[in-house]
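Below is one structure, written out as structure tokens; the observations come after it.
Protein chains: 2
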Amino acid sequence: MGGDHAPDIVLNGANIARERFPQLDFLLFGPEPRIEQALRRLPKLAKVATIHHTDEIVAADAKPSQALRAGRKSSMRLAIDAVAEGKAAAMVSAGNTGALMAMAKLALGTLPGIDRPAIASVIPTQRSECVMLDLGANISCDVANLVQFAAMGDVFARTVLGRAEPTIGLLNIGAEEIKGREELRQAVAVLRQTPLAKQVHGFVEGTDIAAGTVDVVVTDGFTGNVALKTAEGTAQLMAFYLRQAIRHSTLAKLGYLLVRPALRKFRSRIDPRRYNGAIFLGLNGIAVKSHGGTDALGFANAIGVAVDMSVHGFLDKIRDELALLYPRPDAAEAALG
Amino acid sequence: MGGDHAPDIVLNGANIARERFPQLDFLLFGPEPRIEQALRRLPKLAKVATIHHTDEIVAADAKPSQALRAGRKSSMRLAIDAVAEGKAAAMVSAGNTGALMAMAKLALGTLPGIDRPAIASVIPTQRSECVMLDLGANISCDVANLVQFAAMGDVFARTVLGRAEPTIGLLNIGAEEIKGREELRQAVAVLRQTPLAKQVHGFVEGTDIAAGTVDVVVTDGFTGNVALKTAEGTAQLMAFYLRQAIRHSTLAKLGYLLVRPALRKFRSRIDPRRYNGAIFLGLNGIAVKSHGGTDALGFANAIGVAVDMSVHGFLDKIRDELALLYPRPDAAEAALG
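Protein sequences, first through last, are from chains G and Y. According to the numbering used here, the first sequence is numbered sequentially starting from 1. According to the numbering used here, the second sequence is numbered sequentially starting from 1001.
See below:
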């Protein structure tokens, strides 16, 4: 029931995902009459879906603490509980991010070795794609958080992006005069003591994100959120300039008819729906957040991310990686001071 | 002597600026033989230029502390001294940012009421342009710094961008669950107690920068630097996608001939040279930093920013604004705790 046009875009998205992943069964949480009515248009989805009735929903502007207290029977919470209870392999929601994170943290718990979960997303680059985290779960991060984000990003890049040996960069400012933040310097030093050492590229700057300099961009949630949204805004600005340039010339309008297919391809590459799906990494279960304003295609892509993570055993791989990173608990403590 | 292709691009840039601003006289600092030789190709510039000989230069990788100690006779330092001594109205350099900031701070001093200078730049938006600061001078900022940046950005937007009542936003992350950083909340509260109150928009997110939601974007130097460079990287990615889309289609190549003028216009709008010139705000003198890798046109634009600031009495306006903001020193102290 989350997002701007629920439950329709959610159900239409599930229907697209059903075509792509015929092995899936869907658990739908929300008011049964509304969902049933919508499913009448989607008979194939209805066949592989079970409705779990609830009238309660988490409001888009509810505070996480509020949602935790009052939302125990909400569609969001019941979906998370289904993952916690092993009834679902993953959950996807387009609802309130803060509430989703708070509930998922409480109901699923964090993985052993992870102090704080992070929000990650796939970002398009000139080379292909990278994963960036944290994108807003933690307003500030210490050395241990950053090291753990690097490990989780590494597993994500292997699992979802298919990289054999993902390179890892920590987002910093590169000007010589300021060597950047102390915790970033320390995190690089710690990572160089771990089995990830040869994958550690070191610091990267803002330009390196889209350049594709590394496969994993590690940052705190404040900086990551600002960087992600600045990139979105810049992409919109560029598309706006391009439209203006073409509209204001008759010749260009004519030529436009010929370049249109190429521009469509261009548009599809910068389509935010392609990269829809922010993943909560570090939880003991798979939870993916779709953008609240996305459409059915975007929601289907968010489901696709959840499927990739589940099919490729993301959680087990994170557990293995953390065991590798911290072979003994005291080694981790020593490394992290 | 700063930048990747000094002194040629600097002199060619000065020559372009000379055409735009015929009232200017130029003071050129560097090795006289090399400059004289280059000026032979630029007789009109030579007529309005004086060479101030020095063989010393600040290396691109010199640390600020090094440059301060060893660079007292460097071309960079002598140019700053000329501003400090009232011999020049402003200085422009494409050299080492950290060294320039450190030297300018020492030789010019900060304006009364300003604790720390900031680096500002003009950023293109869907509505027109905005000014963003700090872009890297201060890795972290307290409430007083942010309030002072807002005041300086306000004067810059009036003086250089020609806005009558610039709107001011503080860059934050907007998710409801995290209200953002405490110092940002406090800075907004303090600004609402000042004569700038009605111009204060409140928080903005990364997407708002390029959307043009406000005329002045205030942030700390770490976040600002990452945001600026992420925007640059995204713009490069979009241009790359566009080239790819057009190249991979024969029809599109044909149509490209027709849309080319429009695309050229597009390219000129996203041309980083248009927005070349990072300004050190808060110093008791005008110092503009050109990108080290820019060409003559970019350097001329950096000179243009310095001219605008000088002609429109930027420093006096900052002094007036700060007097308005802090009518009595104790009021400022009370407001800023």
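All C-beta atoms, glycine included, are put in the ideal place defined by N, C-alpha and C. The model shown is predicted, which means the values in this text are computed figures rather than measured ones.
### Query
DSSP on Phe-21(G), reduced to helix/strand/coil?
Looking up residue 21(G) in the first sequence gives position 21. Three-state result, Phe-21(G): coil.
### Message
Quick check on Gln-236(G) - is its C-beta less than 8 angstroms from some C-beta in chain Y?
### Response
Numbered from 1 along the first sequence, position 236 holds the residue referred to as residue 236(G). The beta carbon of Gln-236(G) sits closer than 8 angstroms to some beta carbon of chain Y.
#### Entry: Closer than 9 angstroms at the beta carbon, the chain G residues around Phe-1280(Y)
For this step, residue 1280(Y) is matched to residue 280 along the second sequence. Within 9 angstroms Cβ-Cβ: nothing; Phe-1280(Y) doesn't reach chain G, min ~12 angstroms.
### Task
Just the C-alpha distance for Ser-1140(Y) and Lys-1289(Y), rounded to the nearest angstrom, thanks.
One-based indexing of the second sequence puts residue 1140(Y) at position 140. One-based indexing of the second sequence puts residue 1289(Y) at position 289. Straight through space, the alpha carbons of Lys-1289(Y) and Ser-1140(Y) are spaced by roughly 21 angstroms.
### Query
Among all the DSSP beta bridges, which residues are the ones paired with Leu-1283(Y)?
Walking along the second sequence from the start, residue 1283(Y) turns up at place 283. Residue pairing by DSSP puts Leu-1283(Y) in a beta bridge opposite Thr-1110(Y).
### Task
Please report how far the alpha carbon of Tyr-1256(Y) lies from the alpha carbon of Tyr-256(G), in whole angstroms.
Here residue 1256(Y) corresponds to residue number 256 of the second sequence, with the count starting at 1. Here residue 256(G) corresponds to residue number 256 of the first sequence, with the count starting at 1. Roughly 8 angstroms separates the two Cα atoms.
### Query
Going by Cα to Cα distance, which pick from Gly-292(G), Gly-304(G), His-312(G), Asn-301(G) is closest to Met-338(G)?
Outside the modelled stretch of chain G, which goes from 1 to 337, sits residue 338(G), for which no answer is possible.
### Message
Let me confirm a value: Lys-229(G) is counted as buried when at least 16 other C-beta atoms fall within 10 Å, else exposed. Which label applies?
### Response
By 1-based counting over the first sequence, the position of residue 229(G) is 229. Sixteen is the threshold: when 16 or more other Cβ atoms of the shown chains lie within 10 Å of the Cβ of Lys-229(G), as they do, the residue is buried.
### Task
Spell out whether any CB of chain Y is found under 8 angstroms from the CB atom of Asn-225(G).
Indexing the first sequence from 1 puts residue 225(G) at position 225. At a cut-off of 8 angstroms between beta carbons, Asn-225(G) contacts chain Y.
### Task
Note down, in chain order, each residue of its chain lying with its Cβ closer than 6 angstroms to the Cβ of Ala-1079(Y), except the 5 sequence neighbours on either side.
As a first step, residue 1079(Y) must be located in the second sequence, where it is residue number 79. If you ignore the 5 residues before and after Ala-1079(Y), its C-beta comes within less than 6 angstroms of the C-beta of Phe-1029, Met-1091, all in its own chain and listed in chain order.
### Message
Measuring straight from C-alpha to C-alpha, what distance separates Lys-253(G) and Gly-1003(Y)?
### Response
For this step, residue 253(G) is matched to residue 253 along the first sequence. For this step, residue 1003(Y) is matched to residue 3 along the second sequence. One C-alpha to the other measures close to 41 angstroms.
### Query
So what does DSSP say about Lys-289(G), is it helix, strand or coil?
Stepping through the first sequence from its first residue, residue 289(G) is reached at position 289. In the structure shown, Lys-289(G) adopts extended strand secondary structure according to DSSP, grouped into three states.
### Task
Show which residues of chain Y have a CB atom less than 7 angstroms away from the CB atom of Ile-209(G).
In the first sequence, the residue the question calls residue 209(G) occupies position 209. Chain Y residues near Ile-209(G): Thr-1230, Gly-1233.
### Query
Hey, Thr-207(G) and Gly-169(G): beta-carbon distance below 8 angstroms or not?
By 1-based counting over the first sequence, the position of residue 207(G) is 207. By 1-based counting over the first sequence, the position of residue 169(G) is 169. No, the Cβ-Cβ distance between Thr-207(G) and Gly-169(G) is not below 8 angstroms.
### Query
For Ala-175(G), does the three-state DSSP call read helix, strand or coil?
Mapped onto the first sequence, residue 175(G) falls at position 175. Low local confidence applies: a pLDDT of 45 at Ala-175(G) is under 50, so the model's placement there is unreliable, with the coordinate-based value given in what follows. Reduced to three states, the DSSP call for Ala-175(G) is coil.
### Message
For Asn-1015(Y), which residues in the same chain have their Cβ closer than 6 angstroms to its Cβ, ignoring the five residues on either side in sequence?
### Response
The residue you call residue 1015(Y) lines up with position 15 of the second sequence. If we look at Asn-1015(Y) and ignore the five residues flanking it on each side, its Cβ neighbours are Leu-1042, Leu-1045.
#### Entry: Rounded C-alpha distance that separates Gln-1236(Y) from Pro-1117(Y)
Numbered from its first residue, the second sequence carries residue 1236(Y) at position 236. Numbered from its first residue, the second sequence carries residue 1117(Y) at position 117. Going from the Cα of Gln-1236(Y) to the Cα of Pro-1117(Y) covers about 30 angstroms.
### Query
Would you report the Cα separation of Val-218(G) and Glu-1205(Y), rounded to the nearest angstrom?
Stepping through the first sequence from its first residue, residue 218(G) is reached at position 218. Stepping through the second sequence from its first residue, residue 1205(Y) is reached at position 205. Taking the straight line joining both Cα atoms gives about 20 angstroms.
### Query
Where does Ile-246(G) fall in DSSP's three states?
The residue given as residue 246(G) occupies position 246 in the first sequence. The DSSP-derived three-state label of Ile-246(G) is helix.
### Query
Which whole-angstrom value is the C-beta distance of Phe-222(G) and Arg-1181(Y), which I expect to be below 8 angstroms?
The count along the first sequence starts at 1 and reaches residue 222(G) at position 222. The count along the second sequence starts at 1 and reaches residue 1181(Y) at position 181. Confirmed, about 7 angstroms.
### Query
With respect to the alpha helix (DSSP H) encompassing Ser-1075(Y), which residues constitute its N-terminal and C-terminal limits?
Indexing the second sequence from 1 puts residue 1075(Y) at position 75. Element bounds for Ser-1075(Y): 1075-1084.
### Task
Report yes or no: is there a C-beta of chain Y within less than 8 angstroms of the C-beta of Lys-265(G)?
As a first step, residue 265(G) is located in the first sequence; it is residue number 265 there, counting from the start. With its beta carbon less than 8 angstroms from one in chain Y, Lys-265(G) belongs to the interface.
### Task
Leaving out five residues on either side along the sequence, give the residues of the same chain with a beta carbon under 7 angstroms from the beta carbon of Glu-176(G).
What you label residue 176(G) is simply residue 176 of the first sequence in a count that begins at 1. Caution applies to Glu-176(G), whose pLDDT of 45 falls short of 50 and renders its modelled position unreliable; the value that the coordinates give is listed next. The beta carbon of Glu-176(G) sits closer than 7 angstroms to no other beta carbon from its chain once the five residues preceding and following it are set aside.
### Task
With 9 angstroms as the limit, tell me which residues of the segment 247-259 of chain G have their beta carbon closer than that to any beta carbon of chain Y; keep them in chain order.
Within the segment 247-259 of chain G, contact with chain Y at the beta-carbon level (separation under 9 angstroms) is assigned to Arg-247, His-248, Ser-249, Leu-251, Ala-252, Lys-253, Leu-254, Gly-255, Tyr-256, Leu-257, Leu-258, Val-259.
### Enclosing beta strand (DSSP E) for Gly-1202(Y) [first to last residue]
For this step, residue 1202(Y) is matched to residue 202 along the second sequence. For Gly-1202(Y), the uninterrupted beta strand (DSSP E) segment begins and ends at 1200-1204.
### Task
Kindly indicate if chain G contains any beta-carbon less than 8 angstroms away from that of Gln-1186(Y).
Against the second sequence, residue 1186(Y) aligns to sequence position 186. Closer than 8 angstroms: no.
#### Entry: Span separating the alpha-carbon of Asn-276(G) from that of His-1005(Y)
In the first sequence, the residue the question calls residue 276(G) occupies position 276. In the second sequence, the residue the question calls residue 1005(Y) occupies position 5. The alpha-carbon atoms of Asn-276(G) and His-1005(Y) are separated by roughly 43 angstroms.
### Query
Taking three-plus beta-carbon pairs below 8 angstroms as touching, is the segment 1145-1158 of chain Y in contact with the segment 1099-1117 of chain Y?
Flag = yes, the segment 1145-1158 of chain Y and the segment 1099-1117 of chain Y touch.
### Query
Between the C-alpha atoms of Glu-129(G) and Arg-1243(Y), what's the straight-line distance to the nearest angstrom?
Here residue 129(G) is taken as the residue at index 129 of the first sequence, counted from 1. Here residue 1243(Y) is taken as the residue at index 243 of the second sequence, counted from 1. Approximately 18 angstroms between the Cα atoms of the pair.
### Task
My understanding is that Phe-1203(Y) touches Asn-1225(Y), with C-beta atoms under 8 angstroms, so please give their C-beta distance in whole angstroms.
Taking the first residue of the second sequence as 1, we reach residue 1203(Y) at position 203. Taking the first residue of the second sequence as 1, we reach residue 1225(Y) at position 225. Not a contact, Cβ separation roughly 19 angstroms.
### Task
With DSSP as the reference, label Pro-195(G) as helix, strand or coil.
Counted from its first residue, the first sequence places residue 195(G) at position 195. Note: Pro-195(G) maps to coil in three-state DSSP.
### Query
When the cut-off is 8 angstroms and only beta carbons count, does Gln-23(G) lie next to chain Y?
Taking the first sequence and counting its residues from 1, one reaches residue 23(G) at position 23. Not one chain Y Cβ lies under 8 angstroms of Gln-23(G).
#### Entry: Per-residue contacts from Thr-1125(Y) into chain G (C-beta, under 8 angstroms)
Here the question's residue 1125(Y) lines up with position 125 in the second sequence. Simply Leu-237.
### Message
Measuring straight from C-alpha to C-alpha, what distance separates Gly-337(G) and Leu-146(G)?
### Response
In the first sequence, counting from the first residue as 1, residue 337(G) sits at position 337. In the first sequence, counting from the first residue as 1, residue 146(G) sits at position 146. Because the pLDDT at Gly-337(G) is just 48, under 50, the model does not fix this residue reliably, and the point stays unresolved.
### Message
If you follow the beta strand (DSSP E) that Gly-298(G) is in, where does it begin and where does it stop?
### Response
For the purposes of this step, residue 298(G) is identified with residue 298 of the first sequence, where counting begins at 1. First-last for Gly-298(G): 296-311, but that is the alpha helix (DSSP H), not the beta strand (DSSP E).
### Query
Nearest CA to the CA of Met-101(G): which residue from Leu-283(G), Arg-319(G), Phe-299(G), Glu-321(G)?
On the first sequence, position 101 is the one that residue 101(G) refers to. It is Leu-283(G) whose Cα lies nearest to the Cα of Met-101(G).
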